[in-house]
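Data first, discussion second: the structure below is written as structure tokens.
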Amino acid sequence: MYYGIRGDDGISTPETIVSLRNLTKTFPTADGAGFTALHDISLDIRKGEIFGIIGMSGAGKSTLVRCINYLERPTSGTVLFQGRDLSKLSMPELLRVRQSIGMIFQQFNLLMQRTALQNVCFPLEIAGVEKKARIRRAEELLELVGLADKRNSYPSQLSGGQCQRVAIARALATSPQVLLCDEATSALDPSTTRGVLALIREINEKLGITVIIITHEMAVIEEICQRVAIIDAGRIAEVGPVSDIFTHPKSDAARRLVLPPGERVEEFMGGRRCRIVFDGRSAFEPVISNLVLEFRHPVNILYANTKEIDGKAVGQMIIALPEDDHLAERMLGSMRAQGLSVEEVTGDV
Amino acid sequence: MFDQAVVKMIGNGILETLYMTLTSTFIAYIIGLPLGVALVVTDKDGIHPIRWLNSILNVIVNILRSIPFLILMIFVTPLTRAIIGTSLGPTATIVPLVIGSAPFIARLVESSIKEIDKGVIEAAQSMGAKPMQIIWKVLLPEARPSILVGAAIAVTTILSYSAMAGIIGGRGLGDIAIRYGYYRYENGIMFVTVALLVIIVQVLQEVDMMVARKNDKRRK
Numbered sequence: 000m001y002y003g004i005r006g007d008d009g010i011s012t013p014e015t016i017v018s019l020r021n022l023t024k025t026f027p028t029a030d031g032a033g034f035t036a037l038h039d040i041s042l043d044i045r046k047g048e049i050f051g052i053i054g055m056s057g058a059g060k061s062t063l064v065r066c067i068n069y070l071e072r073p074t075s076g077t078v079l080f081q082g083r084d085l086s087k088l089s090m091p092e093l094l095r096v097r098q099s100i101g102m103i104f105q106q107f108n109l110l111m112q113r114t115a116l117q118n119v120c121f122p123l124e125i126a127g128v129e130k131k132a133r134i135r136r137a138e139e140l141l142e143l144v145g146l147a148d149k150r151n152s153y154p155s156q157l158s159g160g161q162c163q164r165v166a167i168a169r170a171l172a173t174s175p176q177v178l179l180c181d182e183a184t185s186a187l188d189p190s191t192t193r194g195v196l197a198l199i200r201e202i203n204e205k206l207g208i209t210v211i212i213i214t215h216e217m218a219v220i221e222e223i224c225q226r227v228a229i230i231d232a233g234r235i236a237e238v239g240p241v242s243d244i245f246t247h248p249k250s251d252a253a254r255r256l257v258l259p260p261g262e263r264v265e266e267f268m269g270g271r272r273c274r275i276v277f278d279g280r281s282a283f284e285p286v287i288s289n290l291v292l293e294f295r296h297p298v299n300i301l302y303a304n305t306k307e308i309d310g311k312a313v314g315q316m317i318i319a320l321p322e323d324d325h326l327a328e329r330m331l332g333s334m335r336a337q338g339l340s341v342e343e344v345t346g347d348v
Numbered sequence: 000m001f002d003q004a005v006v007k008m009i010g011n012g013i014l015e016t017l018y019m020t021l022t023s024t025f026i027a028y029i030i031g032l033p034l035g036v037a038l039v040v041t042d043k044d045g046i047h048p049i050r051w052l053n054s055i056l057n058v059i060v061n062i063l064r065s066i067p068f069l070i071l072m073i074f075v076t077p078l079t080r081a082i083i084g085t086s087l088g089p090t091a092t093i094v095p096l097v098i099g100s101a102p103f104i105a106r107l108v109e110s111s112i113k114e115i116d117k118g119v120i121e122a123a124q125s126m127g128a129k130p131m132q133i134i135w136k137v138l139l140p141e142a143r144p145s146i147l148v149g150a151a152i153a154v155t156t157i158l159s160y161s162a163m164a165g166i167i168g169g170r171g172l173g174d175i176a177i178r179y180g181y182y183r184y185e186n187g188i189m190f191v192t193v194a195l196l197v198i199i200v201q202v203l204q205e206v207d208m209m210v211a212r213k214n215d216k217r218r219k
């Protein structure tokens, strides 16, 4: 463990808020065979954390998030929300549970014929909140998302980022325990995305709401998630703290997401390569210079970048190892001795 | 040709046509609007699928839609007599007009509601909305501008149906056009009635579209 992950400090056992047990979802197809979107998924999401679920499009992540609030009924397996098995609830009970699970979407899904304020009032109307209290609460929430001055604007008059902020305010109206974000930033440009993610983090910290983020962008996970599950072809490939997955990806799916795009590296195919991950401590050491000085052999840097993961600067670099296997092993040993996270990467990444 | 009697007759014709058209449109919407909503809601992809009910509604709508209005009008004469007491006159004409146009209106409403983004309905479901709440708070308000545009089409169709009713003594402008223009070759009167029908359609349509535009918050 390189970084302290909230709720993962080993002192207290974190409380689980959403628990998925052996979830499978099969959709009927015309040929009768059925398409299995989710295979035997088991996940525990802890109270108060920001949990990411990442995968390529078609991996089943949208189906997975819809199983959490039972918009999709799983074919088999159970969803436990605060310990309650959703499959055992009556329809009115399920509808009440949904009021404690907010959801935001890629396309915002605001009511186009209602103003921002009326949109935020909407879930409160459904919950049967009295009109004055409704408006008061909606005003508070628009304030929280920084759109108090847009209360009377219609969605068509707002920008994408503003629409998503209204959608966040709307999702928070009934004071949910969990906020589900289904590709919530995928329709936004990078700077708007950062703003919306910062707002989500702020909400998580201020209100203690558990956030589950579905995305296909590693950048989103790196920016705000503490733990991540990688979903690949309907199965969980890997689960763990974001920093662990970033430094030691175990599955192919994780490696594909963490490593730089293949094309940039493939030009250098041939020799052995290794990936070095720097954390806050080693970033200050002149690692490569030391290597060159120690072994008197040039080191070729193929790729390098720095990212902020869970609030900490983390760098990664891919270097070419010398042809001489003996020398290569000694270099690897030397880097490991310095406490760096080093792993060899193969040509097919 | 245009003596006082004729002017009075045309004036009455205008009022009768407006009365038949507007009353029929109103009653037809009372039937067609819920029918259109039911068609969407009970559909297999709807918010409350009921297969058998959806099939029955679809069959009824399709049958009524496939009968030409002229024939439907004659076909329902016994029903008209049973309800109104006579099959002649503008009030009696309302019966076939409603029966003929309600299924058409149901289809217009159905297509208006289907234009709503599925995501918006899903969002409401994610908030724990019941089907009835989704109908009243999402489907109808979000489809309102489109339903109003549909009303312009409906009112025009009902007006043209009402003119056909002239053949079986339904009165109104259509009746005048048929009696004077077709049976008596009085082209002058026929031209006037046709012009008046065109003007009425234009006015109704413009008023309706104005209301629809004023109600739509999507493009501003």
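Chain order of the listed sequences is P and F.
Using numbering that gives the first Met the number 0, read the first sequence as starting at 0 and increasing by one per residue.
Using numbering that gives the first Met the number 0, read the second sequence as starting at 0 and increasing by one per residue.
Where a beta carbon is used, it is the ideal one built from N, C-alpha and C, also for glycine.
On a predicted model such as this, the values are computed, not experimentally measured, just so you know.
Point to revise | For residue 153 (chain P), the three-state DSSP class (helix, strand or coil) | key: Coil.
Check your understanding: What does residue 125 (chain F) reach in chain P if we use C-beta pairs closer than 7 angstroms?
Key -> Residues of chain P whose Cβ lies closer than 7 angstroms to the Cβ of residue 125 (chain F) are, in chain order, 68, 70, 97, 102.
Practice item. Output yes if chain P places a C-beta closer than 8 angstroms to the C-beta of residue 204 (chain F); else output no. Key: Residue 204 (chain F) does not count as touching chain P.
Review point. Beta carbon of residue 165 (chain F): closer than 7 angstroms to some heavy atom of the ligand NAP?
Key: The model depicted lacks the ligand NAP and carries no ligand whatsoever.
Check your understanding: Count the other CB atoms within 10 Å of the CB of residue 244 (chain P); is the residue buried (16 or more) or exposed (fewer)?
Key -> Residue 244 (chain P) should be labelled buried.
Point to revise | Pairwise C-alpha distance: residue 202 (chain P) and residue 104 (chain F) | key: Cα to Cα, the separation comes out at about 47 angstroms.
Exercise for review: For the alpha helix (DSSP H) holding residue 145 (chain P), just list the boundary residues, first then last.
Suggested key: Residue 145 (chain P) -> no alpha helix (DSSP H), and no H or E assigned at all.
Exercise for review: Could you confirm whether any beta carbon from chain P is found closer than 8 angstroms to the beta carbon of residue 116 (chain F)?
Suggested key: True, the Cβ-Cβ gap to chain P drops below 8 angstroms.
Exercise for review: Output yes or no for whether 8 angstroms exceeds the beta carbon distance between residue 19 (chain F) and residue 167 (chain F).
Suggested key: The answer is no: Cβ separation not under 8 angstroms.
**Study point:** residue 40 (chain P) versus residue 67 (chain F): straight-line alpha-carbon distance, rounded
**Key:** Rounded to the nearest angstrom, the two C-alpha atoms are 57 angstroms apart.
Exercise for review: Assign residue 216 (chain F) to one of two classes, buried (16 or more other C-beta atoms within 10 Å of its C-beta) or exposed (fewer than that).
Suggested key: With 16 or more Cβ atoms within 10 Å of its Cβ, residue 216 (chain F) is classed as buried.
Exercise for review: Taking only beta carbons into account, state which residues of the stretch 115-146 of chain P come closer than 9 angstroms to chain F, listed in chain order.
Suggested key: Under the 9 angstroms Cβ criterion, the stretch 115-146 of chain P contributes 121, 122, 124, 125, 126.
Check your understanding: In terms of DSSP beta bridges, what is residue 312 (chain P) paired with?
Key -> In DSSP, residue 312 (chain P) forms a bridge with P:307.
Exercise for review: Measure the Cβ-Cβ separation of residue 15 (chain F) and residue 171 (chain F) and say whether it is below 8 angstroms.
Suggested key: Between residue 15 (chain F) and residue 171 (chain F), the C-beta gap is smaller than 8 angstroms, which places the two residues in contact.
Point to revise | Cβ-Cβ distance between residue 177 (chain P) and residue 164 (chain P) below 8 angstroms | key: Between residue 177 (chain P) and residue 164 (chain P), the gap from beta carbon to beta carbon reaches 8 angstroms or more.
**Study point:** contact_flag[the stretch 140-160 of chain F, the stretch 202-216 of chain F] where n(CB pairs < 8 angstroms) is 3 or more
**Key:** With contact defined as three or more Cβ pairs closer than 8 angstroms, the stretch 140-160 of chain F and the stretch 202-216 of chain F are in contact.
Review point. Would you say residue 228 (chain F) faces chain P, with C-beta separation under 8 angstroms as the test?
Key: Residue 228 (chain F) is absent from the structure shown; chain F starts at 0 and stops at 219.
Check your understanding: What residue from P:56, P:137, P:102 has the CA that sits closest to residue 66 (chain P)'s CA?
Key -> Measuring from the Cα of residue 66 (chain P), the nearest candidate turns out to be P:102.
Practice item. Could you tell me whether any Cβ in chain P is nearer than 8 angstroms to the Cβ of residue 140 (chain F)? Key: Yes - at least one Cβ of chain P is within 8 angstroms of the one on residue 140 (chain F).
Point to revise | Distance between residue 17 (chain P) and residue 237 (chain P) (C-alpha atoms, nearest Å) | key: About 18 angstroms.
Exercise for review: Express the C-alpha separation of residue 312 (chain P) and residue 173 (chain P) in angstroms, rounding to a whole number.
Suggested key: The alpha-carbon atoms of residue 173 (chain P) and residue 312 (chain P) are separated by roughly 36 angstroms.
Check your understanding: Cα-Cα, which of F:49, F:95, F:138 is closest to residue 74 (chain F)?
Key -> Checked all of F:49, F:95, F:138; the closest Cα to residue 74 (chain F) is F:95.
Check your understanding: Does any residue of chain F bring its CB to less than 8 angstroms from the CB of residue 171 (chain P)?
Key -> False, the Cβ-Cβ gap to chain F never drops below 8 angstroms.
**Study point:** Cβ-based burial, residue 10 (chain P) [other Cβ within 10 Å; buried from 16]
**Key:** Note that residue 10 (chain P) has pLDDT 45, beneath the 50 cutoff, so the model's placement of it is unreliable and the number below is only indicative. Burial is judged here by how many other beta carbons sit within 10 angstroms of a residue's own beta carbon; residue 10 (chain P) has fewer than 16 and is exposed.
Check your understanding: What whole-angstrom Cβ distance do residue 180 (chain P) and residue 220 (chain P) have, given they're in contact under 8 angstroms?
Key -> Wrong, their Cβ atoms sit about 12 angstroms apart, outside the cutoff.
Point to revise | Within 8 angstroms, strictly: CB atoms of residue 35 (chain F) and residue 107 (chain F) | key: In terms of Cβ geometry, residue 35 (chain F) and residue 107 (chain F) form a close pair [threshold 8 angstroms].
Review point. How is the alpha helix (DSSP H) around residue 133 (chain F) delimited, first residue to last?
Key: Residues 130-133.
Point to revise | Contact under 8 angstroms by Cβ, residue 189 (chain F) with residue 125 (chain P) | key: It is not a contact, given that the beta carbons lie outside the stated cut-off.
Exercise for review: Give the secondary structure of residue 81 (chain F) by DSSP, where H, G and I count as helix, E and B as strand, and everything else as coil.
Suggested key: Helix at residue 81 (chain F).
Point to revise | Three-state class that DSSP yields for residue 154 (chain F) in the structure shown | key: Helix.
**Study point:** Proximity below 8 angstroms, CB of residue 420 (chain P) to CB of residue 315 (chain P)
**Key:** Past the edges of chain P, shown from 0 to 348, lies residue 420 (chain P), and the structure says nothing about it.
Check your understanding: Of the residues that make up the stretch 318-344 of chain P, which ones have a beta carbon closer than 8 angstroms to any beta carbon in chain F?
Key -> The residues in question: there are none.
Practice item. Please check the pair residue 167 (chain P) and residue 198 (chain P), which I expect to be a contact at CB under 8 angstroms, by giving their CB distance rounded to whole angstroms. Key: Between residue 167 (chain P) and residue 198 (chain P) the beta-carbon gap is near 6 angstroms, inside 8 angstroms, which marks them as a contact.
Check your understanding: Shorter than 8 angstroms from the beta carbon of residue 122 (chain F) to some beta carbon of chain P?
Key -> The beta-carbon of residue 122 (chain F) is placed less than 8 angstroms from the nearest beta-carbon of chain P.
Point to revise | Per-residue DSSP class, three states only, for residue 243 (chain P) | key: Three-state result, residue 243 (chain P): helix.
Review point. In three-state DSSP terms, what is residue 102 (chain P)?
Key: DSSP places residue 102 (chain P) in strand when its eight states are reduced to three.
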